[in-house]
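All the letters of the sequence shown, read from the start, carry residue numbers 2 to 692 under the working numbering.
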Amino acid sequence: MATVSDPALKIVRAACPHDCPDTCAMLVTVKDGRAIKIGGDPSHPVTQGFLCAKVSRYIERTYHQDRLLHPMRRIGPRGSGQWQRITWDEALDEIASRFKSISAEYGPEAILPYSYSGSLGLLMYGSMDRRFFHKLGASLLDRTICAAAGSAGYRYTIGKSIGTDPEQFANARLILLWGTNTLTSNPHLWPFVKRARANGARVIAIDPYRSRTARQCDEHLAINVGTDAALALGLMHVILAEGLEDRDYLRDYTLGEAELRARAAEYPPERVAEITGLPAERIISLAREYATTQPVAIRINYGLQRHAGGGMAVRTIAALPAVVGAWRQPAGGILLSTSGTFPLNYAALERPDLIPRGTRTINMIELGQALTEVNDPPVKALFVYGSNPAVVAPDLQRVHQGLMRDDLFVVVHEQFPTDTVQYADIVLPATTQLEHGDILKAYGQLYMAWNEPAIAWQGEAIPNTELFRRLAARMGFDDPCFADSDEEMARQVLQSDDPWLAGITLEALKEHGWLRLNVPNAWAPFAEGNFPTPSGKCELYSSSMAAAGLDPVLTFTPPAESAAVAPDLAARYPLALLTPPAHHFLNTTFVNVLKRYEGEPVLEINPVDATHRQIGHGDLVRVFNDRGSFQLPASLTDHVKPGLVVAPSIWWRTLTPDNKGVNHTTSQAQTDMGGGATFYDNLVQVERVER
Ligand SMILES: Nc1nc2c(c(=O)[nH]1)N[C@H]1C(S)=C(S)[C@@H](COP(=O)(O)OP(=O)(O)OC[C@H]3O[C@@H](n4cnc5c(=O)[nH]c(N)nc54)[C@H](O)[C@@H]3O)O[C@H]1N2
Ligand SMILES: Nc1nc2c(c(=O)[nH]1)N[C@H]1C(S)=C(S)[C@@H](COP(=O)(O)OP(=O)(O)OC[C@H]3O[C@@H](n4cnc5c(=O)[nH]c(N)nc54)[C@H](O)[C@@H]3O)O[C@H]1N2
Ligand SMILES: [Mo]
2 MATVSDPALK IVRAACPHDC PDTCAMLVTV KDGRAIKIGG DPSHPVTQGF LCAKVSRYIE
62 RTYHQDRLLH PMRRIGPRGS GQWQRITWDE ALDEIASRFK SISAEYGPEA ILPYSYSGSL
122 GLLMYGSMDR RFFHKLGASL LDRTICAAAG SAGYRYTIGK SIGTDPEQFA NARLILLWGT
182 NTLTSNPHLW PFVKRARANG ARVIAIDPYR SRTARQCDEH LAINVGTDAA LALGLMHVIL
242 AEGLEDRDYL RDYTLGEAEL RARAAEYPPE RVAEITGLPA ERIISLAREY ATTQPVAIRI
302 NYGLQRHAGG GMAVRTIAAL PAVVGAWRQP AGGILLSTSG TFPLNYAALE RPDLIPRGTR
362 TINMIELGQA LTEVNDPPVK ALFVYGSNPA VVAPDLQRVH QGLMRDDLFV VVHEQFPTDT
422 VQYADIVLPA TTQLEHGDIL KAYGQLYMAW NEPAIAWQGE AIPNTELFRR LAARMGFDDP
482 CFADSDEEMA RQVLQSDDPW LAGITLEALK EHGWLRLNVP NAWAPFAEGN FPTPSGKCEL
542 YSSSMAAAGL DPVLTFTPPA ESAAVAPDLA ARYPLALLTP PAHHFLNTTF VNVLKRYEGE
602 PVLEINPVDA THRQIGHGDL VRVFNDRGSF QLPASLTDHV KPGLVVAPSI WWRTLTPDNK
662 GVNHTTSQAQ TDMGGGATFY DNLVQVERVE R
C-alpha cells in the first residue's frame with residue numbers, strides 16, 4: 002500500500018467496477034473515514050494515472066444526497082413514489098414470505114432475478130446471488146443484453162474471447178477502430194493509439210456516426226448501419242483477387258480457405274459499395290492498405306453487433322487478420338474482448354450444480370414478453386439488482402405494462418432512486434465500490450485487481466453478497482456455500498491450475514492492487530495458430546455453426562429493419578436510429594449525477610432530413626415507430642448523414658421531456674446468434690411537435 006506523510010490520510014487501492022473495457026486501478030485518499038480524493042493509479046500500465054470523465058467524479062456519486070440509504074416499502078399506488086422506511090428485518094421477512102408463497106402456488110420458476118452490469122466486480126456481478134437463485138430454483142436469466150451476439154460470432158471464428166493485447170496497439174502501423182467509440186467507451190486504449198500515431202501509424206474509424214472518436218481519426222468511413230460484414234467480405238475479395246493474402250498462414254492455421262474464397266468472390270467492390278455506401282475505390286485501396294501494412298490491428302467493440310446480423314458481422318471481421326497473417330505480430334490481429342483470457346473458476350463462484358434440472362431460462366431482452374405473456378408459470382416476482390431495466394431493456398412500452406402489473410411483486414436493490422425503483426414494492430439500499438471489497442478481471446486488458454473497501458457502508462446500504470447471504474438464511478438455505486465470506490469467494494474464483502493465473506492469489510492482489518495475467522509481454526497469441534476452436538484453427542468454415550443451423554461460412558446478414566429486408570417498413574420509417582452511450586454516462590449510471598455535463602438529451606439529425614420535416618435546431622421532435630415513441634429536442638448536425646439519426650444515451654426517462662426513453666422504439670428481436678439485443682437495428686420516423 003502507498004504511504005503518505007499525513008498520518009490522518011490513508012491511500013486505498015481500489016478498482017473501477019463499471020462496465021467498461023478499461024477496469025482502472027484507482028487510488029482513493031481517505032481522511033477520517035471519508036473518501037476525499039480519487040485518481041487513476043499511475044503505475045498501472047493501462048490506467049496510466051488517469052480516470053475517465055465519469056469515475057473521476059465517483060466521490061460525488063458516493064456521497065450524493067439522492068443515495069438510497071434505508072430499505073423502503075411502497076405505500077401508494079405503483080409508480081406514485083410514495084414510500085415508507087422499514088427495517089432490514091421487515092424487508093427480508095416480507096421478501097422471504099412472498100417468495101415462499103409464490104413458490105408454493107406457482108413453483109419457484111415464477112421468480113425471476115434480473116441483474117446485469119451495475120458492477121462488473123466478480124462478487125457483485127454474480128456470486129452469492131447466483132447461488133441463492135440457483136438453490137431457490139428461480140428462472141434462470143440469459144444475460145444477453147450487451148455482448149451475446151459478438152461473443153458468439155467471435156467464438157465461432159477464433160474460439161474464445163482472446164485477442165490482441167491492447168498495450169500492443171502502440172506498435173501498430175495501421176489501426177482500424179471499427180464500430181467503437183474509443184474515446185468514450187474505452188478511453189484507456191487511446192494513449193496507445195496516440196503513441197502508434199506518433200510513430201507514423203494511420204488510424205481509421207469505421208462508424209456510421211461521426212462520433213467523438215471518428216472526429217479524431219485520420220479518416221472516417223461512414224459506413225451504412227449494419228453492413229460491416231459486407232465490407233469485410235469486400236476487403237477479402239480484393240485481397241484474394243490481388244494475391245495480397247498470407248498464403249502460408251491461410252494454409253497452416255485456418256480451416257475453410259476454399260469456402261472463404263468462393264464466398265468472397267460474391268462480394269466485388271461495386272456490390273459492396275452499394276451495400277455499405279462507401280466508394281468502391283476506397284474499398285479497394287483500404288484492402289491494399291490493410292494487406293500490405295504490418296503490424297495491423299483492428300479494435301472492434303460491441304456497437305456493431307447490436308444488429309440482426311451482429312454475430313455474423315463480428316465473426317466475419319474476426320477472420321480478416323488470418324487472411325493477411327496479421328496475427329504473426331504482437332501488435333497485429335483483432336481485439337473484441339480479453340474476457341476469455343482469464344481462466345477463472347466461475348463454477349466455484351456461481352454454483353450451477355445447485356440448479357434444479359430442467360429449470361427454464363428467460364432471455365433478459367425479452368423482459369417485456371416475460372412479464373406480459375409468459376404463462377408456464379407466469380412471472381410473479383421480479384428481483385432487480387445491478388440493472389435498470391425500466392430504461393435499458395428494449396420495447397419499454399411492454400416492459401412498463403409488465404412492471405405495472407398489480408400482481409407482480411417487485412424488489413429492487415439499488416444505490417439510487419432509478420426509474421426501475423419507481424416500480425418497486427420493496428426498495429433495498431446498495432453499497433458503492435468505495436464501500437465493499439471485490440475482485441475484478443477486465444474485458445479490455447490483461448490485469449486482475451482487488452478493490453479494497455475505502456469507507457464504511459453508508460446508511461443501511463449493504464453489498465449484493467451480503468444481501469443474498471441474509472436472504473439465504475431467511476429462506477433456511479443451510480448449504481455451507483451460503484456462509485462463505487466475500488474473501489472466501491474471491492479465493493474460490495481464483496482456484497485454477499491454469500498457468501496464466503499462477504501466483505495470482507488474493508494475498509498477492511491485496512498487496513499489489515493489480516497483477517498481470519501470466520501471458521508474455523509481447524504476446525502474439527495466434528502467431529502459430531493454436532486457436533481455441535474445435536479444430537485448433539481459425540475457422541473460416543465452422544461445423545459447429547452448421548450444426549446450429551447457421552451458415553457455416555463467413556456471411557453478410559443485412560439489418561432486419563432495412564429497405565433490403567423490410568421495404569414496407571422502411572417506407573414508413575425511413576430513418577435508422579442509433580442510441581450509443583453519451584460521453585459522461587455509463588449506460589444509465591451517472592446520469593442523475595453528471596447530467597450537467599451532457600446538457601439535455603437530444604436527437605442528432607442531418608440538416609437535409611430536418612429541413613424535409615420542417616424541423617429547426619432546438620425544435621422538439623417526436624421519434625416513433627410501431628412500438629412506441631419518445632420526444633427530444635433536435636440537434637441539426639452533419640455528424641449524422643442523411644437517413645441516420647442518433648440519440649446519445651441512455652437518459653433516465655424521468656429526465657426527458659415526455660418520460661419516455663429511446664428504448665420505447667427498440668425491439669425485443671434477437672440477433673442471428675447468442676440471443677443478443679438488436680438496439681441499433683431500429684427504423685423510426687421523426688416529426689416536429691409543439692413544445
Ligand atoms: N462512457 C461510456 N463508456 C462505456 C459505456 C457507456 O455507456 N458510457 N458502455 C460500456 C458498455 S456496457 C459497452 S458494451 C461498451 C460499448 O462500447 P462500444 O461498442 O465502443 O460502444 P457503442 O457506442 O455502443 O458503439 C460504438 C460505435 O458503434 C457505432 N455503430 C453502431 N452501429 C454500427 C454498425 O452497424 N457498424 C459500425 N461500424 N458501427 C456501428 C456507433 O455509432 C458507436 O459510435 O462501452 C462501455 N463503455
Ligand atoms: N438503447 C440502448 N439500450 C441499451 C444500450 C444501448 O447502447 N442503447 N446498451 C446496452 C448495454 S451494452 C448494456 S451493458 C445495458 C446496461 O444496462 P444495465 O446493466 O442495467 O446498466 P445501468 O443502466 O448502468 O444500470 C446499472 C444499475 O446498477 C446500479 N448498481 C451499481 N452497482 C451496484 C451494486 O453493486 N449493487 C446493486 N444492487 N446495484 C448496483 C446502478 O446504480 C445502476 O442503476 O444496457 C443496454 N441497453
Ligand atoms: Mo454493454
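All C-beta atoms, glycine included, are put in the ideal place defined by N, C-alpha and C.
Keep in mind it's a predicted model, so treat the numbers as computed, not measured.
- Message: The beta strand (DSSP E) that contains residue 623, what's its start and end?
- Response: 621 to 625
- Over what stretch of residues does the beta strand (DSSP E) that includes residue 143 continue unbroken? 141 to 143
- Query: Curious, which full-length alpha helix (DSSP H) runs of at least 4 residues does the region 85 to 171 contain?
  - Reply: 89 to 107, 123 to 126, 129 to 137 and 149 to 159
- Item | DSSP-derived helix/strand/coil call for residue 322 | helix
- Near residue 184, what residues of its chain come up, given a Cβ to Cβ distance below 7 Å and the 5 sequence neighbours on each side ignored? 191, 213, 214 and 217
- Query: For residue 220, which residues does DSSP report across the bridge?
  - Reply: 205
- Task: Could you round the C-beta distance between residue 404 and residue 372 to whole angstroms and report it? I think they count as a contact, below 8 Å.
- Result: 7 Å
- Just tell me which of 574, 661 and 681 has its CA closest to the CA of residue 688. 574
- Message: What ranges does the alpha helix (DSSP H) occupy inside the region 8 to 81, keeping only unbroken runs of at least 4 residues that lie completely in it?
- Response: 59 to 63
- Message: Using 8 Å as the threshold, is the C-beta distance between residue 681 and residue 579 below it?
- Response: yes
- Message: Tell me which residues share the same chain as residue 179 and place their Cβ nearer than 6 Å to its Cβ, disregarding the 5 neighbours each side in the sequence.
- Response: 207, 299 and 301
- Which residues are close to ligand 3, meaning CB closer than 6 Å to any heavy atom, in chain order? 20, 147 and 303
- Taking just the CA atoms, how far does residue 545 sit from residue 686? 40 Å
- Task: Using the Cα positions of residue 3 and residue 34, report the straight-line distance between them to the nearest angstrom.
- Result: At residue 3 the pLDDT is 47, less than 50, meaning the model places this residue with poor confidence; the figure from the coordinates comes in the next sentence. Residue 3 and residue 34: Cα-Cα distance of roughly 17 Å.
- Query: Just curious, the alpha helix (DSSP H) that residue 252 is in, first and last residue?
  - Reply: 248 to 254
- Message: Using a Cβ-based criterion (distance less than 7 Å to any ligand heavy atom), does residue 384 qualify as near ligand 2?
- Response: no
- Could you have a look at residue 590 and say whether DSSP puts it in helix, strand or coil? strand
- Message: Just to confirm the assignment, what range does the alpha helix (DSSP H) spanning residue 513 have?
- Response: 507 to 513
- Could you check what DSSP says for residue 2 in three-state terms: helix, strand or coil? Here residue 2 scores only 45 on pLDDT, less than 50, and its place in the model should not be relied on; the value that follows carries that caveat. It is coil, neither helix nor strand.
- Task: Let me know if residue 98 comes out buried or exposed under the rule of 16 or more other beta-carbons within 10 Å of its beta-carbon.
- Result: exposed
- Top-ranked residue by Cα proximity to residue 557, from 125, 229 and 145: 229
- Item | Within 8 Å, strictly: CB atoms of residue 656 and residue 636 | no
- Item | Contact test: residue 417 Cβ vs ligand 2 heavy atom, cutoff 7 Å | yes
- Query: By Cβ distance, which residues of its chain are closer than 6 Å to residue 51, with the 5 residues on each side in sequence left out?
  - Reply: 41
- Check whether the Cβ atoms of residue 31 and residue 11 lie closer than 8 Å to each other. yes
- Does the beta-carbon distance from residue 675 to residue 149 come in below 8 Å? yes
- Item | Bridge partners - residue 176, DSSP secondary structure assignment | 204 and 298
- For the beta strand (DSSP E) that residue 347 lies in, which residues bound it at each end? Unbroken run through residue 347 is the alpha helix (DSSP H), 347 to 351; no beta strand (DSSP E).
- Task: Assuming residue 658 and residue 621 form a contact by the criterion Cβ under 8 Å, report the distance between their Cβ atoms to the nearest whole angstrom.
- Result: 6 Å
- Taking the alpha-carbon positions, what's the residue 172 to residue 361 distance? 48 Å
- Task: Could you have a look at residue 335 and say whether DSSP puts it in helix, strand or coil?
- Result: strand
- Task: Would you mind stating whether residue 246 and residue 175 have Cβ atoms separated by less than 8 Å?
- Result: no
- Message: Tell me the DSSP secondary structure of residue 439 in three-state form.
- Response: strand
- Near ligand 1: residue 194 beta-carbon under 7 Å from a heavy atom: no
- Alpha-carbon spacing of residue 161 relative to residue 421, whole angstroms: 34 Å
- Taking buried to mean at least 16 other C-beta atoms within 10 Å of its own C-beta, is residue 76 buried or exposed? exposed
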